[in-house]
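One structure is given below, encoded as structure tokens.
Number of protein chains: 2
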Amino acid sequence: MNIEPIAIIEGCYPEKFGIPRQARLVTSAEAEIRLIPPYQSKDFLDGLENYSHIWLIFGFHQNEWQGDAKVRPQRLGGNQKMGVLATRSPYRPNGLGLSAVKIASIDYENAVITVAGHDLVNGTPIYDIKPYIPFTDSIEDAKSLFANEAPGKYEVNIHASAQMAFNLLDEKAKDLIQSVIAQNPLPSYHQDYDRIYGVAILDLNVRFKRNHNGFEILEIHRNF
Amino acid sequence: MNIEPIAIIEGCYPEKFGIPRQARLVTSAEAEIRLIPPYQSKDFLDGLENYSHIWLIFGFHQNEWQGDAKVRPQRLGGNQKMGVLATRSPYRPNGLGLSAVKIASIDYENAVITVAGHDLVNGTPIYDIKPYIPFTDSIEDAKSLFANEAPGKYEVNIHASAQMAFNLLDEKAKDLIQSVIAQNPLPSYHQDYDRIYGVAILDLNVRFKRNHNGFEILEIHRNF
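Chains as they are written, first to last, in the numbering used here: chain A, 1 to 224; chain B, 1 to 224.
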């Protein structure tokens, strides 16, 4: 079956690295979902104001599945293998992702939905948008033997070298940077205390390192 | 993007008519999700026993979207039009559906998942299976201004003419037939008290009519 994008996401994550591993972990992460022709019309969205959240069915367009039946989920420390269909891994048959995000606002004239708490890289193609219907989507008695809670958050400090730059940012950007790094963006097999890592957030390049308490932000540069 | 089925559903609904309008409304509705080659291997499912529910991303293969931006949702009585992306209508761009169903059992050797509470017609192609992860999928504060509760159930009586046949069925089939009709399978623009309707459930053809209290089952035949 051939499917085509109905919308493209324009958000705060220019690169895959650093993106929270599930939707709504970083609620300050905003993005615009822009419907594209021939779907770019308010008619397609009419009535969406009746809902607080939507589902996005999207393409993991930067992850190509290599045919592996098993993957090593991050949430299991990256050591244990599981069947790909028992995980939410981005490397999967058909490469489709599913995220529930909060509607922040709807611009009907331009056919743009602003959402909060997304977990998608800039430019991600959206194949479907559906209202989140609590009575059928929110399953009270659903159980999972792991990944049962949101992952813990790490402490994030601003090193003296970056404090002046950090202070120049607006509150939203400050919160977003700290929240993204507090999720521990490093892969589980790579938690090097000596190395300096860089993450792209909005139009910023944020350099940080791991320490015993959590993370420390060392540099913040604007990408031109 | 081209996507291909990873599994096919084999269930209790041979036809679209009568299928509950959301997943888990009729919990006695069981189906087998059979992985197909090259996905027909227990490796793809390994670890799924850790979850109680799964998401199915499937194709509305019997509904062809005609390009309409607006639809008339059943839940609004079929009179009011809404943007298709503000509904769960099966007539939609890319024709993808989303349902959460309960795992009843997993046959790893044959790569078959038996699920309960499904809402899919026999032969529906499945494009993805994902574990339902409560902390990210079950949104406590999600709101909807309508479709907020499961639809009410109607009273279903067995007419004397069908009582003997009904008594021959096993308990599961009895429950399934009554539950399906209790949902009121008739479209909102078609609630004719004089007409006899037929619905296909399992290998049975069940004939019933609408009355002032609810529904009455008149005949039950086995399809050969």
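Here a beta-carbon is modelled for each residue, glycine too, at the ideal position from N, C-alpha and C.
With DSSP as the reference, label residue i as helix, strand or coil.
i                 : result
serine 161(A)     : helix
serine 105(B)     : strand
aspartate 43(A)   : helix
leucine 56(A)     : strand
asparagine 144(B) : Reading off the sequence shown, one finds serine at residue 144(B), where the question assumed asparagine. Strand, per DSSP.
threonine 124(A)  : coil
proline 131(A)    : strand
glutamate 49(B)   : helix
threonine 87(B)   : coil
isoleucine 139(B) : coil
isoleucine 19(A)  : coil
asparagine 167(B) : helix
proline 151(A)    : coil
asparagine 94(A)  : helix
What's the call for residue i, buried or exposed, on a 16-neighbour Cβ count within 10 Å?
i                    : result
aspartate 241(A)     : Residue 241(A) lies beyond the range of chain A shown here (1 to 224); nothing can be said about it.
lysine 172(B)        : exposed
glycine 67(A)        : exposed
tyrosine 189(A)      : exposed
leucine 145(A)       : exposed
arginine 210(A)      : buried
asparagine 167(A)    : exposed
arginine 222(B)      : exposed
phenylalanine 224(B) : exposed
glycine 97(A)        : buried
asparagine 110(A)    : exposed
asparagine 79(B)     : exposed
aspartate 137(A)     : buried
tyrosine 51(A)       : buried
tyrosine 193(A)      : exposed
glycine 123(B)       : exposed
glycine 152(B)       : exposed
Taking 8 Å as the threshold (C-beta atoms), are residue j and residue i in contact?
i                 : j                   : result
tyrosine 132(B)   : phenylalanine 58(B) : no
arginine 34(B)    : glutamate 15(B)     : no
glycine 18(B)     : isoleucine 201(B)   : yes
isoleucine 103(B) : isoleucine 139(B)   : no
alanine 23(A)     : glycine 117(A)      : yes
isoleucine 229(A) : alanine 162(A)      : With chain A covering only 1 through 224, there is no way to say anything about residue 229(A).
valine 225(B)     : valine 71(B)        : Chain B is shown only over 1 to 224; residue 225(B) falls outside these bounds and no answer can be derived.
arginine 92(B)    : valine 101(B)       : no
methionine 1(B)   : isoleucine 3(A)     : yes
valine 199(B)     : glutamine 178(B)    : no
alanine 86(A)     : proline 134(B)      : no
alanine 112(A)    : tyrosine 13(A)      : First, the amino acid is wrong: residue 112(A) is valine here, not alanine. No, they are not a contact pair.
serine 99(A)      : leucine 56(A)       : yes
leucine 176(A)    : serine 28(A)        : yes
aspartate 43(A)   : alanine 69(B)       : yes
isoleucine 220(B) : alanine 160(B)      : no
Run through the DSSP bridge pairs and tell me what residue i is partnered with.
i                 : result
valine 156(B)     : Phe215(B)
histidine 253(A)  : Outside the shown range of chain A (1 to 224) lies residue 253(A), about which nothing can therefore be said.
isoleucine 36(A)  : Looking at the DSSP assignment, isoleucine 36(A) forms no beta bridge with any residue, so it has no partner.
lysine 172(A)     : Paired residue(s): none; lysine 172(A) is not in a bridge.
serine 188(B)     : The partner list for serine 188(B) (beta bridge, DSSP) is empty, contrary to what the question assumes.
asparagine 2(B)   : Asn2(A)
valine 26(B)      : In the DSSP output, where bridge partners are listed per residue, valine 26(B) has none listed.
serine 99(A)      : Leu56(A)
glutamate 10(A)   : Glu32(A)
valine 180(A)     : Paired residues: none, contrary to the question.
isoleucine 196(B) : Lys209(B)
lysine 70(A)      : Gly83(A)
alanine 111(B)    : According to DSSP, which records beta bridges pairwise, alanine 111(B) is partnered with nothing at all.
alanine 116(B)    : Glu30(B) and Lys102(B)
Thinking residue i and residue j are a contact (beta carbons under 8 Å), I'd like their distance in whole angstroms, please.
i                : j                 : result
tyrosine 154(A)  : glycine 77(A)     : Not a contact, Cβ separation roughly 16 Å.
alanine 7(A)     : isoleucine 129(A) : 7 Å
glutamine 74(B)  : arginine 21(B)    : 6 Å
threonine 114(A) : glutamate 49(A)   : Wrong, their Cβ atoms sit about 13 Å apart, outside the cutoff.
proline 5(B)     : proline 125(B)    : 4 Å
**Report entry** Contact set between the segment 21 to 49 of chain A and chain D, restricted to residues whose Cβ is under 7 Å from the partner
**Finding:** The chain inventory of the structure shown lacks chain D, comprising the protein chains A and B.
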